[in-house]
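In the working numbering, the protein residues as written are 142 to 351.
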């Protein structure tokens, strides 16, 4: 009876006064709220892209960097999303924090981070995660789980006793926002929606109908 599920959003509000004029600062506050609320994977975000035929695609990744320049995630550039971003370097990001009754959408062009940035982040990853970057031909068909585990064992032996380098195809992507939309659930579906769009002298803010 999924058609009968109902939830009344009542725990918060989003006003122009509390939101402020800077969407970067607001997103930072909301990320901190999600972290403090002990939400599982508070930095999880859906990345939406289009393929070479113009068909939409989407998946969740983890936000690994965020500042005035944009939002950064890391992945295999030979994966489906990597190939799609090479074809069309534009993406939409969506955060959803159900416990806070909040959603954020970010749209913008995408650029690859510098090798120095990718190297620095890769060095912070747990060793098992570093090895996995060499193990997995991401998005490609594989015979079975046994093949994957055998390959993992082989890669672990290959790098035993030495640092794991960053694969040349593993890198970061920075989404440079053109717009931010902040959504706060409200009672009777009269939600708060504030849209920030990039302007010549900063950001323009408008309220959207729910």
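Even glycine gets a Cβ: it sits at the ideal position worked out from N, Cα and C.
Across the structure, residue 349 and residue 159 are spaced so that their CA atoms are roughly 16 Å apart. For residue 299, the enclosing alpha helix (DSSP H) starts and ends at 286 to 299.
Counting of Cβ neighbours within 10 angstroms places residue 232 among the buried residues, the total reaching 16 or more.
Residue 283 sits in coil when the DSSP states are folded into three classes, being neither helix nor strand. Within the stretch 221 to 284, complete beta strand (DSSP E) segments of at least 3 residues are found at 231 to 238 and 243 to 253, given in chain order. Pairing residue 309 with residue 275 gives a Cβ-Cβ distance that is not under 8 Å.
The C-alpha of residue 287 is placed about 55 Å away from the C-alpha of residue 341. Taking 8 Å as the cut-off, the beta carbon of residue 254 is found closer than this to the beta carbon of residue 213. Taking 3 residues as the minimum length, the beta strand (DSSP E) runs contained wholly in the stretch 303 to 336 are 311 to 325, in order along the chain. In the structure shown, the three-state DSSP call for residue 339 is strand.
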